[in-house]
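In the numbering used here, the protein residues as written are 1 to 118. The next block holds one structure in the form of structure tokens; read it before the comments.
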Amino acid sequence: MTPEQNARLARVGPGTPAGEMLRRYGWPVWFSELVADKPVPVRLLGENLVLFRNAEGSVGLLDRRCPHRGASLERGRVEADGLRCCYHGWKFAAGWAKPRSRSRFRGPEWRAERRPAG
Ligand code: FES
1 MTPEQNARLA RVGPGTPAGE MLRRYGWPVW FSELVADKPV PVRLLGENLV
51 LFRNAEGSVG LLDRRCPHRG ASLERGRVEA DGLRCCYHGW KFAAGWAKPR
101 SRSRFRGPEW RAERRPAG
């Protein structure tokens with residue numbers, strides 16, 4: 001196997017051939033009973049993610065960086081219907097991100113990539 005072939009198979013980040021193939025399958029991410037009232041940082045397939053469970057019991061898995069200004073959602077606050085970024089208050093439901101602040105920030109509706117969550 002050449003070094004190029006090895007790299008093609010071994011790299012699993014977003015946009016890589018092996019990464020795109022592996023993202024078509026479900027992956028165990030964390031122990032369900034350990035996802036409680038605080039966001040859990042998770043690293044999977046070369047991506048930094050954050051796992052949370054809202055008060056309704058739904059589990060969300062999002063990119064760890066807030067799409068607004070890149071703050072870590074690991075510091076976010078879990079609320080009844082989602083995860084709120086602690087910096088400017090954008091709120092994220094499992095699979096979706098909705099800006100709630102109308103005064104200063106008029107970010108576009110932003111759709112988080114849907115990921116399988118258990
Ligand atoms: S950085 Fe998250 S809402 Fe601004």
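Even glycine gets a Cβ: it sits at the ideal position worked out from N, Cα and C.
Provide the residue span of the alpha helix (DSSP H) that contains residue i, from first to last.
i, result
"Leu73", "No alpha helix (DSSP H) contains Leu73, which DSSP labels as neither H nor E."
Could you tell me which residues DSSP pairs with residue i in its beta bridges?
i, result
"Glu4", "Glu4 is not bridged to any residue."
"Leu163", "It is not possible to answer for residue 163, since the shown part of the chain is limited to 1 through 118."
"Glu79", "Gly82"
If I follow the unbroken beta strand (DSSP E) through residue i, where does it start and stop?
i, result
"Leu22", "Per DSSP, Leu22 belongs to no beta strand (DSSP E); it is in the alpha helix (DSSP H), 17-22."
"Arg11", "Careful: Arg11 lies outside any beta strand (DSSP E) and carries neither H nor E."
"Gly26", "Counting along the chain, Gly26 falls outside any beta strand (DSSP E), and DSSP gives it neither H nor E."
"Leu45", "No beta strand (DSSP E) holds Leu45; DSSP gives it neither H nor E."
"Leu34", "Leu34 -> no beta strand (DSSP E), and no H or E assigned at all."
Express the C-alpha separation of residue j and residue i in angstroms, rounding to a whole number.
i, j, result
"Gln5", "Gly15", "16 Å"
"Gly60", "Arg24", "18 Å"
"Leu29", "Met1", "For the sequence presented, residue 29 should be read as Val rather than Leu. The straight-line gap from Cα to Cα measures roughly 31 Å."
"Ser32", "Asn54", "13 Å"
"Arg8", "Leu22", "13 Å"
"Gly57", "Gly70", "26 Å"
"Gly19", "Gly89", "32 Å"
Nearest by alpha-carbon distance to residue i: which of the options is it?
i, options, result
"Glu79", "Gly70, Ala94, Gly13, Ala7", "Ala94"
"Arg75", "Leu34, Ala18, Lys38", "Lys38"
"Ser72", "Val40, Ser58, Val35, Glu56", "Val40"
"Phe52", "Trp27, Gly26, Asp81", "Asp81"
(message) With three or more C-beta pairs closer than 8 Å as the rule, is the segment 33-53 touching the segment 63-83?
(response) yes
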